[in-house]
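Read the structure below first, then the notes.
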Amino acid sequence: MQKGPASPEIKAKILEYLAKVQKAKSRDVAVAIGEKKGDVDNAVKELTAEDLVEYLYITTTYICLKGKVQTPNG
Amino acid sequence: MAAKLDQGPPNYKEMLPPIILDNYGKWKYHEIPRSGVLKHVSESGAALFSVRVATPRLVSIDFIRDVCALADEFCDGFLRWTTRNNIEFLLSDEAKVNPLIETLVAKGFAVGGTGAAISNIIHTQGWVHCHTPATDASGVVKAVMDDLYEYFESMKLPAKLKMGLACCLNMCGSTHCSDIGIVGVHRTPPRIDHDKIRKGTEIPSLVASCPTGAIRPDPKNKSVVVNEEKCMYCGNCYTMSPAMEIYDARNDGIAILIGGKVSNARSAPSFSRMVIPFLPNNAPRWPEVTEAIRAILELWIANADKGERLGEWVERIGWERFFALSGLPFSDMLIDDYIFARETFRTGAAFKY
Amino acid sequence: MAAKLDQGPPNYKEMLPPIILDNYGKWKYHEIPRSGVLKHVSESGAALFSVRVATPRLVSIDFIRDVCALADEFCDGFLRWTTRNNIEFLLSDEAKVNPLIETLVAKGFAVGGTGAAISNIIHTQGWVHCHTPATDASGVVKAVMDDLYEYFESMKLPAKLKMGLACCLNMCGSTHCSDIGIVGVHRTPPRIDHDKIRKGTEIPSLVASCPTGAIRPDPKNKSVVVNEEKCMYCGNCYTMSPAMEIYDARNDGIAILIGGKVSNARSAPSFSRMVIPFLPNNAPRWPEVTEAIRAILELWIANADKGERLGEWVERIGWERFFALSGLPFSDMLIDDYIFARETFRTGAAFKY
Amino acid sequence: MTEKKTPLLDELEKGKWPSFVTEIKRAAVKSAASAELLQVLERSYEERRGHWKHGGIVGVRGYGGGVIGRYVDEPETYPNIAEFHTVRINQPSGFFYNTKTLRTICDLWEKHGSGLTNMHGSTGDIILLGCKTEHIQPIFDDYSEAGFDLGGSGSCLRTTNCCVGPGRCEYACYDTLEACYNITNEFMDELHRPMWPYKSKIKFSGCANDCTGAIARSDISVIGTWRDTIRIDQDAVKEYAANKFPIQSQVCDKCPTGCLTYNNETQELAVIAEDCTRCHHCINLMPKAIQAGKEKGATILVGGKSTIVQSAFMSSVVIPFMKMDVEDDFEEFKDTVRRIWEWWDENGKTRERIGETIFRLGMGKFLREAEIPIVPQQVFRPRANPYVFWAQEDLDKSGTALDGTAL
Amino acid sequence: MTEKKTPLLDELEKGKWPSFVTEIKRAAVKSAASAELLQVLERSYEERRGHWKHGGIVGVRGYGGGVIGRYVDEPETYPNIAEFHTVRINQPSGFFYNTKTLRTICDLWEKHGSGLTNMHGSTGDIILLGCKTEHIQPIFDDYSEAGFDLGGSGSCLRTTNCCVGPGRCEYACYDTLEACYNITNEFMDELHRPMWPYKSKIKFSGCANDCTGAIARSDISVIGTWRDTIRIDQDAVKEYAANKFPIQSQVCDKCPTGCLTYNNETQELAVIAEDCTRCHHCINLMPKAIQAGKEKGATILVGGKSTIVQSAFMSSVVIPFMKMDVEDDFEEFKDTVRRIWEWWDENGKTRERIGETIFRLGMGKFLREAEIPIVPQQVFRPRANPYVFWAQEDLDKSGTALDGTAL
Ligand code: SRM
Ligand code: SRM
Ligand code: SRM
Ligand code: SRM
Ligand code: SF4
Ligand code: SF4
Ligand code: SF4
Ligand code: SF4
Ligand code: SF4
Ligand code: SF4
Ligand code: SF4
Ligand code: SF4
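Protein chains in written order, with my numbering: chain A, 1 to 74; chain B, 1001 to 1353; chain C, 2001 to 2353; chain D, 3001 to 3407; chain E, 4001 to 4407.
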């Protein structure tokens, strides 16, 4: 994955895309928004630190907008 | 104060006793003066004694505190765990070894697991914490190790015996390369709660979660169907959705695989192979499982050459001979029919009876 | 007269000499008094002498008639072929053995192929008669056997050496389990003649003819397209339609596989393994091929234990060592990437350099 | 005959190994087709490519195989080999001949074809190499009259084949010659009328040496063996010892199971019977002293084939020991093979050899459905994965309500 | 605490092996959650089934893993374990501890959670077993403050793990403890931010004994070895001989390559250097007399994993020998691993471990594209099929006109 500050445009595109789906693999996000996967991963790192996006581990790790996917008892 | 991100694990250097810091990388040889004790001698002549003690792995903080008290008393506050969930007390003072062992024995600790012994069984969560187990982990381990305790505290086996237990096909216990592997197996496909699926499950992810592609969407029903011929009962779909109940109290149980190893000594690492496809979950003490394992173990003890791991012995005599000697039934369930099956077929006319 | 349907092959009983009829199934042991001669002794004490003579397999009727004349003179009119295209003259009279051999030698026949020798090379049609060959068969065999003739007429190898040649991947010569296998290989996908396809080819059959599913219909074009990534250059499509030219004079050639066997003696039957992915079709005498084979052979002779087949030797020393000793380049082409590749990967940390 | 030059091929008349070029030239003296073959072949040597096309149906009435159609790619230049088909004649068991039979073969072939043959094809047939379409039926008629029949081609039982067996070999554990003959005759329909997904081959080897290469080359491999223990003649052992034969190093040390011990003092050999895998090594080295046990028969293995599609397969054991008795007319074998073919015919895809069908659908399923008893001898080792398919009807389904309550 | 009965579990307090039931009971004294766990577990023992559900997001800010969400299936009955999540704490290299550190772990866990742990999880983490969602961030904050970090979960680099190595073992061929520590710190993003197709594990074993089980259990297995020849101390050999240690039968006869010879008279051991595969057997048996060579490093193997989907894989050799030097900051290793992961991230399907990706796409392609030199040590044996894929651009395409004429 890339290092250093992430591109604000990519971050915006990721949020926009994640709003449309329940959850997604970062590779699929990269393909969908036409960016390099490494850049998307880097942007996601910042978005999670900003509490906008979270990782979701069910058999594999997805990303989704914070709070979008419910817990079983929730 | 905010948490520090990415600071990494504690530095092991702070955890090393002075004798290790002084002799780091300079160990010359070791001896096993008695079962449960390793003596490592450095080029400098310094000797480090490790006293190995079993744990149930699932321990309370009070257990750890007890252990800490002993380590403070005998080991200047240093100890370690092994890759097999045993504790090793690290002593630089030989004079303290026997007192430590006496104290340990008095407190009911199990000392052993070195050399040609059974060590702790690598195992997993089971009914204690996981969602897809086909059996318990800690309970089976307890039952088996109680039964085989003599081989933990002595060193009278032909060679080391490494056991692993996993409570489902995910095989977190890495039983696939163990001398004896105990694997929890479901035997029935998931039971689908269509209402639950309609309420909450994202169907594409559910479909994708099945490793064998056994789950198809059923748009009419707004649910899914399972192709039972393709299902190998792994429970991955239950991980994705609680609507796919996989446990089945009457049909869950245990399979036994044997003969794997990972060391490169003598023979290449090898997979364990299934010899018993199913034994029932006869909790709390799984007598069928303990008996089956003891029988295999005793056959090995009686027949193996010195230094021969279980799998090395079976490979030497031939699996067909192992079945003859053990009296275990051989059935089509034991014949591979998965991706790499071909290499298991006997492409030759030479064999025993 | 109308032909008799389904009368089956001629009855072998009519082809057996009296000594065989008398001692059928009663043979006790055999000796190899000299290269090319087998002496089989019966429980009755009777001795049958077989004199083995090479053939080019592709023979004229006049050759067969010559042979018949000899068989009449020395063998009461009885002889046989071996499973490896040699002739065996069957003599019940020991006194005739040497005279026969002298006559054979005088006429230029090659006597040998018994015991620890190279026998005839099992081979196929090549440019003589087949439509998909990537090399000739008989010509390569002639070149190789001329070069290795000394090992046919003597018995000084470590063990038997069984060679096979197939002129394309169909492997009619069954080179896949030979000590040394010579395989004709195309290296380029078929060249499609779209006009020809439009004129005469039934496209569904053409699509179905490809073993790897590399051919797709191209309805727009009324033809087909080949997915070059999937094509392994077998030429099966050319069998279905002459519009799929597969030969490619500049790129066709020969691959060498070694170390296979089929007997169960000592070790289980095993596949041959590729050690040279390509040598050019340097007709008429394929010097690169004969040199490569001789080099492998001499390495084996110099290093193998007595009685050790080529593959048994390589397995004992390790393939990595074979490459080091032979100086043959190792490349990704030799690493399996097909269905059963996994078992060829070195899942262990022990190896030589 | 035209006297065209063949400088490249002429190179292949040099050297000590018998030359196929010489043979083609001999045939060319009498056959215009063979003469043209020489020309085409010389061209192939120049251009390094073949000149043949496959194709079309060339056959005889009532049969579906036995002939391979071949056409030269430039019929105008080579009119005599415009058609140049192969006829496969089923060889006698063990490739045994009397000269009369051989001469008949030659005479008929001189009359009808190129005068070139392969003795034998790689499957076992007498290969008559090169004739015109119009000659095929007459060829068959003439050969038939003379007592011959066609071999197989296409998706049928191919020409069977066997080792010399009891005809000349002390190792034969069953009568390979008779088995091959008898069983071939039993399956005439299967041989002559291709009706299966693909080809199927049977080879009969009298012992574990497998001199027909059955395990690699036949879908059904019949390999002689015995059920009891090797027999050792201690007197003969002493003779080997007297002749300074290295019994310890060559025989005992190379016994794969280490079950043979040689006592240097008593000069006696001993075997641990239950450890011997009947690999045949010791017998090969000391045929005068060691022989097979008394209870003889064969191991039946299934699935051998060469490379195309799924890789080469070797046959693998399905029946460790079967009696192969002439007296019983090989009935058990025939029955078994019928069940095996039936299963394959039912389940195999087009162009799928039985080994591939078994691999695709599972050995267990195959054995179950072909009603073959399941024994550990069928595998080198059991499965390494836990993916057992459980027949659901055998399980206790009484407690599996969705909510987990017992029913 | 309520005093419910647990007759089945009580059975597991009998016997000599330490009892996990006793441990849960000890924790139950202080933790209502652990007390309820005991009840649920007793029920599991009665009903022979589990009662847990997976799910949902439970994590800490900025991280994508390290916590496993767990929920009991009857939250009303068991409110204290309605949420009962696991927190994975990255253990120190080699599982070494001082008691101060351990007590800190205990104290913090007493404050926030069930008081139950696994020492250690099967991957290597300190497992804190059972806490509520609301406690997770505080747990992390407290542990972080005390110098701990989370381990991995999800599609990331998982917590790495190593053997005791130079800390206590004379066999260590490189510094496993430092390698594990240093390399883990290098890959913090990969460990904490799951972004790959699936999980990836690294285990470091100091020698061929592989005491971490790396070859079976890690995608990247780093196994210590040496490049030159074992060193034999003949005096020490004589000592073993004096102590009647069976050198010939236990050491030489079991050397897999037969390259060790013992001279009974001189009591000396000799090795044929080029035949030794460095299997470590002789060193294991005679650690005082035999040691590794001087040129030490590691073999890098790739692809190990357990059973799910394509079967269990063992790792296989990609780099036979690599220096693993602290002085170089393990740069070569880090570079290589980056290329390997990049290739996998590019080519792997979702939930495909790297071993499966390599198997699907071909070892040759993987090695080429990850720029790893190709050597025969990577395979047990070469391919048995002739299906070589030829890079078309490397071939001579000048003579392949459709009609076969040279161009
Ligand atoms: C402490 C530990 C390493 C650690 O970092 O924690 C360790 C320590 C030693 N191992 Fe190990 N091994 C340890 C797990 C393993 C494992 C992994 C496992 O158990 O899952 C293996 C691979 C198992 C396999 O092959 O399936 C392992 C295979 C070996 C071997 C090879 C045995 C063989 O012949 O196949 C040796 C050599 C020997 O025993 O002579 C060995 C040798 C040793 C020595 C003698 C090394 C030394 O000189 O210090 C240590 C004492 C061994 C003993 O107990 O007799 N160790 N050893 C692990 C103890 C686990 C436990 O609590 O029982
Ligand atoms: C004549 C023939 C059978 C036939 O029906 O035609 C035959 C005949 C004999 N074979 Fe064979 N074998 C014949 C093909 C084979 C084959 C198949 C092949 O060549 O494709 C094999 C399997 C090859 C393989 O393993 O790859 C074969 C593997 C053996 C072996 C096992 C050798 C080994 O150690 O692996 C023996 C035992 C021996 O040589 O001691 C053997 C032994 C024999 C004996 C000694 C048997 C006997 O007592 O009569 C015969 C003389 C062998 C010799 O030439 O030294 N025969 N033998 C075949 C001669 C072919 C030829 O012209 O050269
Ligand atoms: C003539 C013969 C080679 C020879 O020179 O001896 C031969 C020649 C052909 N074989 Fe073969 N095969 C011949 C024995 C074999 C063998 C060896 C054997 O039977 O022991 C094999 C390998 C064993 C096996 O069956 O797998 C063999 C495996 C193939 C294959 C690949 C089959 C597979 O499943 O992998 C093909 C391709 C096909 O069937 O389409 C094939 C296809 C062909 C065809 C029919 C090519 C075609 O597709 O039209 C060849 C006709 C050549 C011609 O010009 O007559 N031939 N073929 C052999 C038959 C002679 C005979 O009847 O005695
Ligand atoms: C906690 C632990 C078992 C234990 O009791 O020690 C564990 C527990 C789980 N494993 Fe595991 N695995 C654990 C080590 C392993 C290992 C062993 C290893 O790492 O050496 C393996 C086999 C090696 C491997 O990676 O292949 C392992 C192979 C799996 C798999 C199958 C992966 C595969 O590719 O075949 C799964 C299934 C999955 O990923 O969806 C899995 C999934 C799981 C999940 C997350 C179940 C799930 O899908 O939600 C389990 C959570 C249980 C729980 O209640 O917390 N776990 N898992 C181990 C981690 C503790 C730690 O961090 O130290
Ligand atoms: S083996 Fe299965 S049931 Fe057991 S802890 Fe791992 S995932 Fe859970
Ligand atoms: S149990 Fe496993 S194999 Fe069966 S449907 Fe669920 S995910 Fe698929
Ligand atoms: S190997 Fe290929 S080219 Fe040669 S005869 Fe067989 S099918 Fe024809
Ligand atoms: S040469 Fe073979 S693989 Fe290639 S397209 Fe033709 S049939 Fe298919
Ligand atoms: S297979 Fe056996 S019986 Fe047949 S010829 Fe060969 S050695 Fe003799
Ligand atoms: S047949 Fe083979 S296994 Fe049996 S004693 Fe002889 S050499 Fe040993
Ligand atoms: S792997 Fe080797 S170096 Fe590490 S602890 Fe085990 S024996 Fe020692
Ligand atoms: S390391 Fe293994 S191969 Fe090398 S000498 Fe020692 S025992 Fe033999």
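C-beta atoms are modelled at their ideal positions from N, C-alpha and C, and glycine is treated no differently.
key: In DSSP terms, what Cys-64 (chain A) is bridged to   = In the first sequence, the residue the question calls residue 64 (chain A) occupies position 64. The partner list for Cys-64 (chain A) (beta bridge, DSSP) reads A:Glu-54.
Any C-beta of chain E under 7 angstroms from that of Glu-54 (chain A) = Reading the first sequence from its first residue, position 54 is the one you call residue 54 (chain A). Judged by the 7 angstroms Cβ criterion, Glu-54 (chain A) is in contact with chain E.
ask   = What's the C-alpha gap between Gly-74 (chain A) and Glu-1245 (chain B)?
value = Residue 74 (chain A) sits at position 74 when you count from the first residue of the first sequence. Residue 1245 (chain B) sits at position 245 when you count from the first residue of the second sequence. For Gly-74 (chain A), the predicted model reports a pLDDT of 46, less than 50, meaning its position is unreliable and no value from the coordinates is stated.
inquiry  = Just to check my reading of the structure: Leu-3037 (chain D) and Gly-3130 (chain D) have Cβ atoms closer than 8 angstroms, yes? What is that Cβ distance to the nearest angstrom?
reply    = Within the fourth sequence, the letter at position 37 stands for residue 3037 (chain D). Within the fourth sequence, the letter at position 130 stands for residue 3130 (chain D). With a Cβ gap of about 7 angstroms, Leu-3037 (chain D) and Gly-3130 (chain D) count as contacting.
inquiry  = Could you tell me the alpha carbon to alpha carbon distance between Glu-1014 (chain B) and Asp-4175 (chain E), rounded to whole angstroms?
reply    = Reading the second sequence from its first residue, position 14 is the one you call residue 1014 (chain B). Reading the fifth sequence from its first residue, position 175 is the one you call residue 4175 (chain E). Near 16 angstroms, if we compare the C-alpha coordinates of Asp-4175 (chain E) and Glu-1014 (chain B).
key: Gly-4015 (chain E) to Asp-1146 (chain B) span [Cα, whole Å]   = Taking the fifth sequence and counting its residues from 1, one reaches residue 4015 (chain E) at position 15. Taking the second sequence and counting its residues from 1, one reaches residue 1146 (chain B) at position 146. Whole-angstrom Cα-Cα distance: 5 angstroms.
key: Reduced DSSP secondary structure (H/G/I, E/B, other) of Pro-4246 (chain E)   = Start at 1 with the first residue of the fifth sequence, and residue 4246 (chain E) comes out as number 246. Coil at Pro-4246 (chain E), not helix or strand.
task = Taking 8 angstroms as the threshold, find out whether the region 4285 to 4292 of chain E comes into contact with the region 4130 to 4141 of chain E through three or more Cβ pairs.
result = no
inquiry  = Let's test the definition: count the other Cβ atoms within 10 Å of the Cβ of Ala-2304 (chain C) and tell me whether it reaches 16, buried, or not, exposed.
reply    = For the purposes of this step, residue 2304 (chain C) is identified with residue 304 of the third sequence, where counting begins at 1. Result: buried.
Proximal residues of chain G, C-beta to C-beta of Thr-3101 (chain D) below 9 angstroms = Protein chains in the displayed structure are A, B, C, D and E, and chain G is not among them.
inquiry  = Am I right that Pro-1010 (chain B) and Gly-4147 (chain E) are in contact with their C-beta atoms under 8 angstroms? What's the rounded C-beta distance?
reply    = One-based indexing of the second sequence puts residue 1010 (chain B) at position 10. One-based indexing of the fifth sequence puts residue 4147 (chain E) at position 147. Confirmed, Cβ separation roughly 5 angstroms.
task = Under 8 angstroms Cβ to Cβ from Asp-4396 (chain E), same chain only, skipping five residues before and after it: list those, please.
result = Working through the fifth sequence from its first residue, we reach residue 4396 (chain E) at position 396. Taken in chain order, the list of residues that qualify is empty.
ask   = What do you reckon, are the CB atoms on Cys-3279 (chain D) and Asn-2264 (chain C) nearer than 7 angstroms?
value = Reading the fourth sequence from its first residue, position 279 is the one you call residue 3279 (chain D). Reading the third sequence from its first residue, position 264 is the one you call residue 2264 (chain C). A contact, by the Cβ cut-off of 7 angstroms.
key: Phe-2049 (chain C) versus Arg-2080 (chain C): straight-line alpha-carbon distance, rounded   = Numbered from its first residue, the third sequence carries residue 2049 (chain C) at position 49. Numbered from its first residue, the third sequence carries residue 2080 (chain C) at position 80. Cα to Cα, Phe-2049 (chain C) sits roughly 12 angstroms from Arg-2080 (chain C).
ask   = What residue range is occupied by the uninterrupted beta strand (DSSP E) comprising Val-4318 (chain E)?
value = Reading the fifth sequence from its first residue, position 318 is the one you call residue 4318 (chain E). Val-4318 (chain E) -> beta strand (DSSP E) spans 4316 to 4322.
message = By the DSSP assignment, the alpha helix (DSSP H) with Pro-1280 (chain B) in it spans what residues?
response = Numbered from 1 along the second sequence, position 280 holds the residue referred to as residue 1280 (chain B). First-last for Pro-1280 (chain B): 1273 to 1280, but that is the beta strand (DSSP E), not the alpha helix (DSSP H).
query = When you compare only the Cα positions, how much space is there between Pro-3197 (chain D) and Ser-1205 (chain B)?
reply = The residue given as residue 3197 (chain D) occupies position 197 in the fourth sequence. The residue given as residue 1205 (chain B) occupies position 205 in the second sequence. Straight-line Cα distance between these residues: approximately 39 angstroms.
ask   = In terms of residues, what are the limits of the beta strand (DSSP E) holding Met-1240 (chain B)?
value = Looking up residue 1240 (chain B) in the second sequence gives position 240. Here Met-1240 (chain B) belongs to no beta strand (DSSP E); instead the alpha helix (DSSP H) covers 1236 to 1240.
key: Any alpha helix (DSSP H) of 4 or more consecutive residues that is wholly inside the region 2263 to 2327 of chain C   = 2287 to 2303, 2310 to 2317, 2319 to 2326
message = Within 10 Å of its beta-carbon, does Leu-3407 (chain D) have 16 or more other beta-carbons around it, so buried, or fewer, so exposed?
response = In the fourth sequence, the residue the question calls residue 3407 (chain D) occupies position 407. Legend: pLDDT at Leu-3407 (chain D) = 47, less than 50; position of this residue unreliable, no value from coordinates given.
With 16 other Cβ atoms within 10 Å as the buried cut-off, status of Glu-2320 (chain C) = Position 320 of the third sequence, counted from the first residue, corresponds to residue 2320 (chain C). Counting Cβ neighbours within 10 Å, Glu-2320 (chain C) comes out buried, since at least 16 surround it.
message = Which residues in chain B have a C-beta closer than 7 angstroms to the C-beta of Thr-2347 (chain C)? List them in chain order.
response = The sequence position of residue 2347 (chain C) within the third sequence is 347, counting from 1. In chain order: Ala-1268, Pro-1269.
Glu-3042 (chain D) - DSSP class collapsed to helix/strand/coil = Taking the fourth sequence and counting its residues from 1, the one referred to as residue 3042 (chain D) is at position 42. The answer is helix: DSSP assigns Glu-3042 (chain D) an H, G or I state.
query = Looking at Thr-2124 (chain C) and Gly-2367 (chain C), is the spacing between their C-beta atoms short of 7 angstroms?
reply = There is no way to answer for residue 2367 (chain C), as the model of chain C reaches only from 2001 to 2353.
ask   = Start and end of the alpha helix (DSSP H) containing Ala-1208 (chain B)?
value = On the second sequence, position 208 is the one that residue 1208 (chain B) refers to. That run of the alpha helix (DSSP H) goes 1203 to 1209.
task = Let me know the beta strand (DSSP E) ranges lying completely inside the region 4063 to 4119 of chain E, each 3 residues or longer, listed in chain order.
result = 4070 to 4072, 4086 to 4089, 4096 to 4098, 4116 to 4119
key: For Asp-1218 (chain B): DSSP bridge partner residues   = The residue labelled residue 1218 (chain B) in the question sits at position 218 within the second sequence. Answer is B:Ser-1223, bridged to Asp-1218 (chain B).
inquiry  = For ligand 2, is there any heavy atom lying closer than 6 angstroms to the beta carbon of Ala-4216 (chain E)?
reply    = As a working mapping, residue 4216 (chain E) is identified with position 216 in the fifth sequence. Ala-4216 (chain E) Cβ: outside cutoff for every heavy atom of ligand 2.
task = Helix, strand or coil for Tyr-1338 (chain B), going by three-state DSSP, please let me know.
result = Residue numbering aside, residue 1338 (chain B) sits at position 338 when the second sequence is read from its first letter. Three-state DSSP puts Tyr-1338 (chain B) in coil, outside helix and strand.
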